[in-house]
Each structure stands twice: as structure tokens, then as C-alpha cells.
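The numbering of the sequence shown is the working numbering, which starts it at 78 and goes up by one.
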Amino acid sequence: MDIASHVRTRRALHAVAELVLAGPQYRTSGTIRLRASLGGFATRAAPDLQVVGADLVAPGQRIFLERTSCAELAAALGVTAGAPEGLYPDGSRVRPEEVIEADPPAAHRIAQAFAIGDAALRRLVPGADPVIWPEHFDLAVTAAEVNYGVSPGDDLQAEPYAYVGPHTAQQGPFWNASFGALATVRELGGVDGVLAFFERGRGLVG
């Protein structure tokens, strides 16, 4: 994995998720929740927008995320770029006018991580509807006061990883992060491995 390319692409996709999808969706439809979709992620309500690989897709439009900005993307789609206001303190930390760029191989890797996570979470919690949250750009569900999810990476772990985050601090070798436990999607090896990691964490929560 080219870490620099992955980090650059993750930052770009996080910015688009927050400023072009979640923000306009919140202002139009009152929800910030996004979903995993074929090849990437998408809004759940109007406006109908999705990211497929390194492309932003809307009805009748497809825009490659190559040296552009969220402001330019939003203008092309007829929406206003900007994060959901007043809901959380952090986020992508990307300004609407900043230049972003997504590399197709890295974008595909992120989409694959979300797809693996979505499948594993639905098997872990039957009936669950995993959500991509724009603040941290992770896919997650909560069950019995434990957060389960998949992140495309962050300052703690650059590459995509699965995590188990109990609301109550745990002790033991499995719990290798301040919030609980994590393991990279690469080392877990796909849906079955991610599911097994989630199940192990669930079994160890005291």
C-alpha cells in the first residue's frame, strides 16, 4: 500500500462525505447519516449523491475527484458545500475551497473496506443498518453499549481497520487502543476475519 496516496485519498473522500454529501443532506433532509454503497458510499436522502471509486456521481453527472475542491464540486451539483452545522466539533478539517485529490486504487481500497465492514456488521447484528458518520468517516453500529465499526484509517492507524469500542473501559491483551481494540482489515483478511474480530471483542466485554 502506498500510504501517502492512501492518506491523500482518504482525506479527499472524507471531505466530500462531510462537505458535499452529509452537509447538503442535513440542510435538505435533516440527517447526516450516510451509507455504504456499491463501489463507495452515498447519501440516504435528498440530494441523491454518491461516491463511486474516485468519482462523485449525481443523476446525469459524474465528476472525477482530480485536483478539485468541495466548493467546486458542490457548485457543479447545485448544492452548497459545508459541514452539518452545530452537530460536532471536529470533522475532516478540510475547508470547502481547499484542493483535494483522490487516487483510484486508494479509493477502491477504501470502498472495499466499507463493503467488508458493512457485510460483517450486518452478520454480527442481524437487522442492523450500518451508518457512515461524516465526523470521523467511519462505518459503525452500536449494540449492547459497544461500538463496532470499520474506519478507512486516521491519525492513529493509517490503513483501514476494524474496531470494537465498549462504552466501558476494558482490561486485557485484546484491548490495544485507548477506545478498545483495533485490527487492520488487511491482517483480518476479509468479511469472515472482520466478523470473527467483532465476535471475539463482543465475547470479551465484561
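Just so you know, even glycine gets a beta-carbon here, dropped at the ideal spot from N, CA and C.
Asked	Found
Give me the residue from 130, 92, 265, 218 with the minimum Cα distance to residue 151.	92
Less than 8 Å between the CB atoms is what I'm expecting for residue 180 and residue 131, so what's the real figure, rounded?	7 Å
Could you give the residue range of the alpha helix (DSSP H) that holds residue 193?	181 to 201
For residue 143, which residues of its own chain have a beta-carbon under 7 Å away from its beta-carbon, when the five flanking residues on both sides are left out?	178
Report all residues from its chain with a CB closer than 7 Å to the CB of residue 141; omit the five preceding and five following residues, and keep chain order.	131, 132
Whether or not the segment 115 to 131 and the segment 185 to 194 are in contact is what I'm after, with contact meaning three or more pairs of Cβ atoms, one per stretch, closer than 8 Å; do they touch?	yes
Can you tell me which of 148, 97, 211, 107 puts its alpha carbon nearest to the alpha carbon of residue 167?	211
In angstroms with no decimal places, state the Cα-to-Cα distance between residue 192 and residue 94.	16 Å
Classify residue 236 as buried or exposed, calling it buried when 16 or more other Cβ atoms lie within 10 Å of its own Cβ.	buried
Can you look up residue 138 in the DSSP assignment and give me helix, strand or coil?	strand
Here's the rule I'm using: 16 or more other beta-carbon atoms within 10 Å means buried, otherwise exposed. How should residue 233 be labelled?	exposed
So that I know if they touch, is there some Cβ in chain E lying closer than 8 Å to that of residue 155?	Within the model displayed, chain E is absent; a lone protein chain is all it includes.
So residue 161 and residue 109 are in contact, right, with Cβ under 8 Å, and what is the actual spacing, rounded?	5 Å
Which term fits residue 217, buried or exposed, when burial requires 16 or more other beta carbons within 10 angstroms of its beta carbon?	buried
Got a sec, what are the start and stop residues for the beta strand (DSSP E) residue 280 sits in?	Unbroken run through residue 280 is the alpha helix (DSSP H), 268 to 281; no beta strand (DSSP E).
Between the alpha carbons of residue 198 and residue 208, how many angstroms are there, rounded?	10 Å
Beta-carbon within less than 6 Å of residue 230's beta-carbon, same chain only, minus the 5 sequence neighbours each way: which residues are those?	87, 236, 237
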